[in-house]
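Residue numbers (mature numbering (1 follows the signal peptide of the UniProt record, and there is no 0)): -23 to -1, 1 to 150.
Just so you know, even glycine gets a beta-carbon here, dropped at the ideal spot from N, CA and C.
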C-alpha cells in the first residue's frame, strides 16, 4: 500500500505528465507529426531541416527553428534505405535531398551504398521521427529522454515528495 506521501507525489506527477502528452492536441507529438504544428518546412542545406513551429503556449508566436538531420538520419546499407539512426551522417552517403510537404514531410535523397557503390533514390517520412517540442524541432534520436530534460524542454516544474523516517520533504513546485 502506498504511503500518503507517495500518493501525493504520484498525483502531482500525473498533473504534469498527462497534460504534456495531450496538451493542445497535435502541438505536442513527442517523436512524430511535427508537420501538423509547424509551417514553412524546408531543407536549407544537405541534412538541415528548418520550420516555423508553434510552442505549447498558443499565445506565443511560432518560432523559426531547425535541426541537423545528420544527427538522426542516415542511409542504412542493410535495408538500402534512409532510416533513423543516432549520428546517421546523412550527408556522408546522400545528396540532392528534396522535401515534399504536400501531405506531411517526405524527404527524398539520392544515396550511395558504401559497400556496393550502388546509387539509390530513397525516401523517409520525417513525421515518423521528428517532433515539435514546445516550438523546437527535435529528432527522436536526439530528443530529451530524462524527466529533467523534459521539464526543461517544457519549462514545467515537477514536485516530488520523499519520506525518510518521520521527515517528509517536497521539492519543486
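Top-ranked residue by Cα proximity to residue i, from the options
{"i": "residue 47", "options": "107, 112, 79, 111", "result": "107"}
{"i": "residue 87", "options": "117, 51, 115", "result": "51"}
{"i": "residue 117", "options": "17, 27, 36, 44", "result": "44"}
{"i": "residue 84", "options": "101, 114, 68", "result": "101"}
{"i": "residue 114", "options": "19, 30, 66", "result": "30"}
{"i": "residue 38", "options": "16, 78, 49", "result": "16"}
{"i": "residue 105", "options": "49, 42, 40", "result": "49"}
{"i": "residue 91", "options": "63, 61, 69", "result": "69"}
{"i": "residue 77", "options": "41, 55, 42, 103", "result": "103"}
{"i": "residue 97", "options": "40, 56, 64, 41", "result": "56"}
{"i": "residue 93", "options": "42, 41, 40, 54", "result": "54"}
Residue burial classification, residue i (beta-carbon count within 10 angstroms, cutoff 16)
{"i": "residue 32", "result": "buried"}
{"i": "residue 11", "result": "buried"}
{"i": "residue 14", "result": "buried"}
{"i": "residue 28", "result": "buried"}
{"i": "residue 110", "result": "buried"}
{"i": "residue 99", "result": "buried"}
{"i": "residue 18", "result": "buried"}
{"i": "residue 59", "result": "buried"}
{"i": "residue 35", "result": "exposed"}
{"i": "residue 82", "result": "buried"}
{"i": "residue 3", "result": "Confidence is the limiting factor: at residue 3 the pLDDT is only 39, short of 50, which leaves the residue's position unreliable, though a coordinate-based value still follows. When all chains shown are included, residue 3 counts as exposed."}
{"i": "residue 124", "result": "Because the pLDDT at residue 124 is just 42, under 50, the model does not fix this residue reliably, and the value given afterwards should be weighed accordingly. Answer is exposed; the Cβ neighbour count stays below 16."}
Extent of the continuous beta strand (DSSP E) to which residue i belongs
{"i": "residue 68", "result": "Per DSSP, residue 68 belongs to no beta strand (DSSP E); it is in the alpha helix (DSSP H), 67 to 70."}
{"i": "residue 105", "result": "No beta strand (DSSP E) holds residue 105; DSSP gives it neither H nor E."}
{"i": "residue 17", "result": "15 to 22"}
Touching by the beta-carbon criterion (3+ pairs, under 8 Å), the stretch 17 to 29 and the stretch 61 to 73
yes
In the stretch 27 to 98, which residue ranges form an unbroken beta strand (DSSP E) of at least 3 residues, counting only runs that do not cross its ends?
40 to 45, 50 to 53, 58 to 61, 71 to 77, 83 to 89
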